[in-house]
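Notes for the one structure printed next.
Number of protein chains: 2
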Amino acid sequence: MSTETPATEAPDAYHDLLEKIQRISNVQNAAGVLGWDQQVMMPDEGTPARSKQLSALSAISHDLLVDDDIGDLLDELEATDLDDEQAAVVREVRRGYEREVRVPTDLVEEISSTSSEALPAWKEAKAEDDFSKFAPTLEKLVELKKQYAEHIDPDRDPYEVLFEDFEPCLSLSQAEEILDEVKATLVPMIDEIRESDVDLAVDAFEGTFPEDEQDELVRDALDVLGYPWERGRLDVAPHPFSTGTMFDARVTTRFDESDPLGALFSTVHEFGHATYTLGLPDEQYGTPLGQSRDLSVHESQSRLWENHVGRSKAFWDLFLPTFTDHFPETEGVSAQQAYEAANQVYEDNFIRVEADELTYHLHIVIRFEIERELISGDLDVADVPETWNDKYEEYLGIRPETDTEGCLQDIHWSYGNFGYFPTYSLGSVMAAQLYAAAEDDVGDLDGQIREGDFDALHEWLTENIHRHGQRYETNELVKQATGEDFTADYFLDYVTEKYGTLYDLDSA
Amino acid sequence: MSTETPATEAPDAYHDLLEKIQRISNVQNAAGVLGWDQQVMMPDEGTPARSKQLSALSAISHDLLVDDDIGDLLDELEATDLDDEQAAVVREVRRGYEREVRVPTDLVEEISSTSSEALPAWKEAKAEDDFSKFAPTLEKLVELKKQYAEHIDPDRDPYEVLFEDFEPCLSLSQAEEILDEVKATLVPMIDEIRESDVDLAVDAFEGTFPEDEQDELVRDALDVLGYPWERGRLDVAPHPFSTGTMFDARVTTRFDESDPLGALFSTVHEFGHATYTLGLPDEQYGTPLGQSRDLSVHESQSRLWENHVGRSKAFWDLFLPTFTDHFPETEGVSAQQAYEAANQVYEDNFIRVEADELTYHLHIVIRFEIERELISGDLDVADVPETWNDKYEEYLGIRPETDTEGCLQDIHWSYGNFGYFPTYSLGSVMAAQLYAAAEDDVGDLDGQIREGDFDALHEWLTENIHRHGQRYETNELVKQATGEDFTADYFLDYVTEKYGTLYDLDSA
Chain A
1 MSTETPATEA
11 PDAYHDLLEK
21 IQRISNVQNA
31 AGVLGWDQQV
41 MMPDEGTPAR
51 SKQLSALSAI
61 SHDLLVDDDI
71 GDLLDELEAT
81 DLDDEQAAVV
91 REVRRGYERE
101 VRVPTDLVEE
111 ISSTSSEALP
121 AWKEAKAEDD
131 FSKFAPTLEK
141 LVELKKQYAE
151 HIDPDRDPYE
161 VLFEDFEPCL
171 SLSQAEEILD
181 EVKATLVPMI
191 DEIRESDVDL
201 AVDAFEGTFP
211 EDEQDELVRD
221 ALDVLGYPWE
231 RGRLDVAPHP
241 FSTGTMFDAR
251 VTTRFDESDP
261 LGALFSTVHE
271 FGHATYTLGL
281 PDEQYGTPLG
291 QSRDLSVHES
301 QSRLWENHVG
311 RSKAFWDLFL
321 PTFTDHFPET
331 EGVSAQQAYE
341 AANQVYEDNF
351 IRVEADELTY
361 HLHIVIRFEI
371 ERELISGDLD
381 VADVPETWND
391 KYEEYLGIRP
401 ETDTEGCLQD
411 IHWSYGNFGY
421 FPTYSLGSVM
431 AAQLYAAAED
441 DVGDLDGQIR
451 EGDFDALHEW
461 LTENIHRHGQ
471 RYETNELVKQ
481 ATGEDFTADY
491 FLDYVTEKYG
501 TLYDLDSA
Chain B
509 MSTETPATEA
519 PDAYHDLLEK
529 IQRISNVQNA
539 AGVLGWDQQV
549 MMPDEGTPAR
559 SKQLSALSAI
569 SHDLLVDDDI
579 GDLLDELEAT
589 DLDDEQAAVV
599 REVRRGYERE
609 VRVPTDLVEE
619 ISSTSSEALP
629 AWKEAKAEDD
639 FSKFAPTLEK
649 LVELKKQYAE
659 HIDPDRDPYE
669 VLFEDFEPCL
679 SLSQAEEILD
689 EVKATLVPMI
699 DEIRESDVDL
709 AVDAFEGTFP
719 EDEQDELVRD
729 ALDVLGYPWE
739 RGRLDVAPHP
749 FSTGTMFDAR
759 VTTRFDESDP
769 LGALFSTVHE
779 FGHATYTLGL
789 PDEQYGTPLG
799 QSRDLSVHES
809 QSRLWENHVG
819 RSKAFWDLFL
829 PTFTDHFPET
839 EGVSAQQAYE
849 AANQVYEDNF
859 IRVEADELTY
869 HLHIVIRFEI
879 ERELISGDLD
889 VADVPETWND
899 KYEEYLGIRP
909 ETDTEGCLQD
919 IHWSYGNFGY
929 FPTYSLGSVM
939 AAQLYAAAED
949 DVGDLDGQIR
959 EGDFDALHEW
969 LTENIHRHGQ
979 RYETNELVKQ
989 ATGEDFTADY
999 FLDYVTEKYG
1009 TLYDLDSA
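From first to last, the protein sequence lines stand for chains A and B. Under the numbering used here, the residues of the first sequence are numbered 1 to 508, in order. Under the numbering used here, the residues of the second sequence are numbered 509 to 1016, in order.
Right, dumping it as structure tokens:
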């Protein structure tokens, strides 16, 4: 264990704090189980009771956290000599406490109820391709979230404050810098790909692939990658996700009979998230040291496994025979063709969740830019559709013809989640940096992947990322793991090299 | 709605109380979801986190209930003019509050942790057929539960107090009277059956019945009986159970390839429980008026559907073709043979959960008698095995050769559940009375079952039992539904007639 100061006997106040925090964690983890159940198992008409159960748990968790006792314990502990781990726990609890205590409960409830109304409004608007049906609630949510940010810190850019809900240890300017670099490289690269004459083997996996066989396929993939079934399970969910604790980290996927790679990469992606959760130390269950760092770090784990492992040529050298076992009709497909099919750039795709590894980030940049202007007041809700479409044209060379495939495609704004999207791209960028560092440390990862030997990679990630929980803040965590500051360089090198080769680009 | 006094505008204190009670219900229902997940979905190693989550919810629910505010609200409301429904809510909350507030938290926690230790001890003792491995924890649990009862009421028979945890509105003496009557009729009847020359078609369903086909069979049975899938689901659990709310009432079953009737009746039994939950009024979710009455009433619903419907000749007239569709190898079996196979009395069975409709109650009586003596101190834990075996010999004419198939077979004592078993028999007895009353009211139930028309029965049960929640106490509920006091007469008539005919008994 790397602690700069030796572990000291913890003061009583620390034990008291831990006990309170653990109870809150248990309530939140219980809510996590209810959420999983709601998306995976619950019958259709279960919603009224489930909503009330989740609201109650959320209110209880709030009440437990804003308790005066916690404030007093934090005050006392901040004036006490603590070892580094204890200090990290106090730092993280303080952070959560401050955010929770500053926002009036009424406002929290109003956001929650507005978001409940927003969900059906968004669904209807999307189904009918009618943005005006969503606009009023979106407007209300923007307004409420600005108030929310103002309660937390009236002196700062409200978007910055909202961003911290998802990414408390990265500054917005740092995120912006990274996204700008990504955009500056990708926009011309995608343009060049559009001009390229190279024909990838995009139809390698065309056909119909029955769901139950795909289910066995993705279970085999999880076996190959080393998913511990005694601490997890795989189910189907309309929007795949991963959830749980180090004792029980579940993944979900979805199947489309025409797209076996979709299910496969979605599964590997969620597997990556689950590895992080599973790598947190058992004995820290319920404390910040047993909880994952921010969303960017979480996403770095999912993207690393999805893109750097799952979409690599080495993985297809390893996994193609398994694929062919399940789908003998693809017997003629070579590992190189599978690799190409897995990495084609979709030049005409409007939908973020169906995007490839390159265009994906421009979908993110567009949402990021629009969100910022919405929250700053520079953009009216009514003007979102046109701005959206203009940006798609500018960055991706395509213009959505409907709002359904435009600004209504994502659910997140109906949750009132502003500041969330950037974490996806930050995670990809971080994944590239971590993967490069892991390769530096453990040697030929490609060779190991080809052999189906993922132990060294798992160990490296656990040792350098997972086991720390929230011990370090994000930048420090990345620096300790890689020896360098968080940077977009590795990601840009990675995509330039990979797609340069695939599409025979001059810029590569 | 039958309220003797007109609904009055509820006082503020009533709304305040409801709000608090609903929050507690939500926490308990959340725990219910976690419990379901634990038994049905959770991966093996999820236990450490799940136990902590459940303990936290249980502690929170306790803290919320023993809150001084609730005591004050109850005091105020008891001195206020309330309508009948409001008064019922106050009565039920008071009952729960008093039990919770009188037992020190330390003792509750000690019972909970001792029971956690007891579970593995019981498992080991059962696996190794060594009662001495379970005896010390059992002794401790008996002692703790006696203390528990003393805190609640030091002046009463502690078993009486414990019984009220499961059956708060029936007196122990009433239960005892009913069980005595049941025993007095069944012991000689089973003896006579043992002497009978009648050969029932016990081998009608011998063979191997694959699990997935059984799964489809029991789903068909649920369809036929009218299970609303939009508010429920069926899964597999080692010990089948039903759980949930009126919005989401799930059932579980288990499969044994040699015993399709086992899965079928277990499913119908849990379906019966679920119908009760589903029949509670939606708008009373989270209040005592939206919660089921006691365990005997719950069990009356499961037994009614399992025995009076599922094990009837009429049901087999209806359902045999479906059975044969799934298992064409049983094509030669007639409805009468199926009926006989479903109702054979197992003369040599030691295991409660495998017992038939008759011997079942002697399994219960034996446990009831032993529990009472354990709690009164008239029986030492060390003497349980011998007493157990003696009673089996006396009542059932068989003597277990091991404790594994004797006093170690059931899990319940390791939970510290003393006073629970009688509710099973009380439920069967009540089922017979309710079924007879329903038949009186809605006419030829056999004919309706044969037609697959269960609407009138569902309606009668909902109207007379389900929709009341905890509006009435048990005896009043039974009396309102049937016009008579709770009595064993109908059950005794039912078994005398049914088994008299089946086994051609003189006594019939």
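The beta carbon of each residue, even a glycine, is placed where N, CA and C say it ideally should be.
Worksheet entry | B/Thr513 classed as buried or exposed, judged by whether at least 16 other C-beta atoms fall within 10 angstroms | Since pLDDT at B/Thr513 reaches only 48, below the 50 mark, its modelled position is unreliable, and the value read off the structure follows with that caveat. It counts as exposed.
Practice prompt. Could you check which residue in B/Ser563, B/Cys677, B/Glu765 and B/Lys654 has the C-alpha nearest to that of B/Ser624?
Written response: The candidate whose alpha carbon is nearest that of B/Ser624 is B/Ser563.
Worksheet item: Can you tell me the Cα-Cα spacing of B/Met509 and B/Glu984, whole angstroms?
Response: Model confidence at B/Met509 stands at a pLDDT of 40, short of 50, so the residue's coordinates are unreliable and nothing is read from them.
Discussion item. If the cut-off is 7 Å on Cβ atoms, which residues from the segment 511 to 545 of chain B count as contacting chain A, listed in chain order?
Written reply: Listed by position, the residues of the segment 511 to 545 of chain B near chain A (Cβ gap below 7 Å) are Arg531, Asn534, Val535, Asn537, Ala538, Val541, Leu542 and Asp545.
Worksheet entry | Per-residue DSSP class, three states only, for A/Leu119 | The answer is helix: DSSP assigns A/Leu119 an H, G or I state.
Fill in: Residue from B/His747, B/Gln546, B/Lys560 and B/Met550 whose Cα sits closest to the Cα of A/Tyr285
Minimum Cα distance to A/Tyr285 is reached at B/Lys560.
Worksheet entry | Neighbourhood of B/Ile619 by C-beta, 8 Å cutoff - its chain only, sequence neighbours within 5 removed | Once the five neighbours on either side are set aside, the close Cβ partners of B/Ile619 are Leu649, Leu652, Lys653, Tyr656 and Gly924.
Worksheet item: Cα separation between A/Leu457 and A/Ala488?
Response: The straight-line gap from Cα to Cα measures roughly 21 Å.
Fill in: Beta-carbon contacts of A/Leu200 that lie in its chain and below 6 Å, excluding the five residues immediately before and after
Cβ contact annotation for A/Leu200 (same chain, cutoff 6 Å, sequence separation greater than five): Glu340 and Gln344, in chain order.
Worksheet item: Which of helix, strand or coil does DSSP assign to B/Val611?
Response: Three-state result, B/Val611: coil.
Worksheet item: Going by the CB atoms, is the gap between B/Gly604 and B/Leu581 shorter than 9 Å?
Response: Their beta carbons are not under 9 Å apart, which means B/Leu581 does not touch B/Gly604 by this criterion.
Worksheet item: So does the segment 400 to 407 of chain A actually touch the segment 127 to 138 of chain A, counting three or more Cβ pairs closer than 8 Å?
Response: Yes, the segment 400 to 407 of chain A is in contact with the segment 127 to 138 of chain A.
Worksheet item: Which term fits B/Glu600, buried or exposed, when burial requires 16 or more other beta carbons within 10 angstroms of its beta carbon?
Response: It is buried - the Cβ of B/Glu600 has at least 16 other Cβ atoms within 10 Å.
Worksheet item: Helix or strand or just coil, what does DSSP make of B/Asp591?
Response: Secondary structure of B/Asp591 (DSSP, three-state): coil.
Worksheet item: When you compare only the Cα positions, how much space is there between B/Thr982 and B/Arg801?
Response: About 7 Å.
Discussion item. So, for B/Glu971: in the same chain, excluding its five sequence neighbours on each side, which residues have a beta-carbon less than 6 Å away from its beta-carbon?
Written reply: Same-chain partners within the cutoff: there are none.
Worksheet item: Nearest to A/Thr252 by alpha carbon, out of A/Gly483, A/Phe271, A/Leu261 and A/Arg231?
Response: Looking at the Cα atoms, A/Phe271 is the closest of the given residues.
Worksheet item: Of the residues that make up the segment 236 to 266 of chain A, which ones have a beta carbon closer than 7 Å to any beta carbon in chain B?
Response: With the criterion set as a beta carbon lying under 7 Å from some beta carbon of chain B, the members of the segment 236 to 266 of chain A are Thr245, Phe247 and Asp248, in sequence order.
Item to complete: For the segment 887 to 900 of chain B and the segment 945 to 955 of chain B, state whether three or more C-beta atom pairs, one from each stretch, are separated by less than 8 Å.
Response: The segment 887 to 900 of chain B makes no contact with the segment 945 to 955 of chain B, as fewer than three CB pairs between them are under 8 Å.
Worksheet entry | Residue from B/Thr785, B/Phe835 and B/Asp756 whose Cα sits closest to the Cα of A/Pro48 | Checking every option, the nearest Cα to that of A/Pro48 belongs to B/Asp756.
Practice prompt. Quick one: give me the first and last residue of the beta strand (DSSP E) that B/Arg758 is part of.
Written response: From DSSP, the beta strand (DSSP E) with B/Arg758 extends over Asp756 to Thr761.
Practice prompt. Anything in chain B within Cβ reach of A/Gly419, meaning under 7 Å, just list it in chain order.
Written response: For A/Gly419, there are no neighbours in chain B by C-beta distance under 7 Å, as the nearest C-beta there is about 29 Å away.
Discussion item. With three or more C-beta pairs closer than 8 Å as the rule, is the segment 360 to 375 of chain A touching the segment 186 to 196 of chain A?
Written reply: The segment 186 to 196 of chain A, when compared against the segment 360 to 375 of chain A, does touch it at the 8 Å Cβ threshold.
Practice prompt. Determine the closest residue to A/Tyr392 out of A/Ile370, A/His468, A/Asp69 and A/Gln433, with distance taken between C-alpha atoms.
Written response: With distances taken between CA atoms, A/Tyr392 lies nearest to A/Ile370 out of A/Ile370, A/His468, A/Asp69 and A/Gln433.
Item to complete: Kindly list the residues whose CB is nearer than 8 Å to the CB of A/Thr3, restricted to its own chain and excluding five residues on each side of it in sequence; keep chain order.
Response: Reliability fails at A/Thr3, whose pLDDT of 43 lies under 50, so the model's placement of it is uncertain and the value that follows must be treated cautiously. Contacts found: Asp83, Asp84 and Glu85.
Worksheet item: the segment 289 to 311 of chain A: which residues have C-beta closer than 9 Å to a C-beta of chain B, in chain order?
Response: Those would be none; no residue qualifies.
Item to complete: Note down, in chain order, each residue of its chain lying with its Cβ closer than 6 Å to the Cβ of A/Val429, except the 5 sequence neighbours on either side.
Response: Closer than 6 Å at Cβ, skipping near neighbours: Ile178, Ala488 and Phe491.
Item to complete: Measure from the C-beta of B/Asp575 to each C-beta in chain A and report whether the shortest distance is under 9 Å.
Response: Taking 9 Å as the threshold, the shortest C-beta distance from B/Asp575 to chain A does not fall below it.
Practice prompt. Note the first and the last residue of the continuous alpha helix (DSSP H) segment covering B/Asp825.
Written response: Where B/Asp825 is concerned, the enclosing alpha helix (DSSP H) stretches over Lys821 to His834.
Worksheet item: Relative to the C-alpha of A/Ala204, which residue among A/Gly71, A/Glu329 and A/Tyr494 is closest?
Response: If we check each option's Cα against that of A/Ala204, A/Glu329 comes out closest.
Discussion item. Taking the straight line between their C-alpha atoms, what separation do you get for B/Asp767 and A/Gly35?
Written reply: One C-alpha to the other measures close to 36 Å.
Fill in: Unbroken beta strand (DSSP E) run spanning A/Leu234, endpoints
Counting along the chain, the beta strand (DSSP E) containing A/Leu234 begins and ends at Leu234 to Val236.
Discussion item. Is there a Cβ of chain A sitting closer than 9 Å to that of B/Gln561, yes or no?
Written reply: Yes, contact with chain A.
Worksheet entry | Beta carbon of A/Val40 nearer than 9 Å to that of A/Leu289 | Contact: no.
Item to complete: Report yes or no: is there a C-beta of chain B within less than 9 Å of the C-beta of A/Trp44?
Response: Strictly speaking, residue 44 of chain A in this sequence is Asp, with Trp absent from that position. It does: the Cβ of A/Asp44 has a partner Cβ on chain B nearer than 9 Å.
Fill in: Alpha-carbon spacing of A/Val33 relative to B/Ser566, whole angstroms
Taking the Cα positions, A/Val33 is about 16 Å away from B/Ser566.
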